[in-house]
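J.:
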Amino acid sequence: MVWVPDATPKQKAQTRRPRQKNPARQKDAGKGKRLYATYGCYECHGYQGQGSTAAGPRIAPAPIPKDAFVAYVRQPSGEMPPYTERVISDAELADIRAFLAIIPKGPNSSEIPLLK
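Going by this note's numbering, the sequence shown opens with residue 21, and the numbers climb by one from there.
(1) Using the beta-carbon count (16 or more within 10 Å), is P133 buried or exposed?
(2) Please say whether L113 and V90 have beta carbons closer to each other than 8 Å?
(3) May I have the straight-line CA-CA distance separating G60 from K47, to the nearest angstrom?
(4) Give me the Cβ distance between A118 and G66, rounded to the nearest whole Å; I'm assuming they're in contact under 8 Å.
(5) One question on the structure: do A49 and I108 come within less than 8 Å of each other, judged by their Cβ atoms?
Pasting the structure below:
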């Protein structure tokens with residue numbers, strides 16, 4: 021609110037400035053790649069999020085929506101340990117998800133000459 025001396029309540033209401041929304045934080049895929057390695061995600065999901073039948077599932081390309089991703093990391097099912105907010109922030113998880121989202125899809129098996 022802007023201070024106006026001796027203003028009436030109606031005048032005060034008219035002088036209020038709308039709150040500026042903080043611009044959405046840009047997700048940083050480069051930082052996400054570093055965090056993915058730092059937190060050891062690659063140990064189960066592979067360096068490209070490809071997963072394996074022995075460890076963790078495929079999480080890239082096309083990761084699940086951000087809210088679902090964060091919720092699952094916080095309270096996972098299966099053998100994955102939970103990563104609470106004390107361990108990793110929502111912003112860091114958004115960066116990791118941004119990294120997973122830029123991983124290109126691999127070729128179809130029909131496009132690989134050795135598999136024909």
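A virtual CB, placed ideally from N, CA and C, is assigned to each residue, including glycine.
If you're wondering where the values come from, they're calculated on a predicted model, not measured in any experiment.
T.: This is what the structure holds:
(1) exposed
(2) yes
(3) 20 Å
(4) Incorrect: roughly 18 Å between the Cβ atoms, too far for contact.
(5) no
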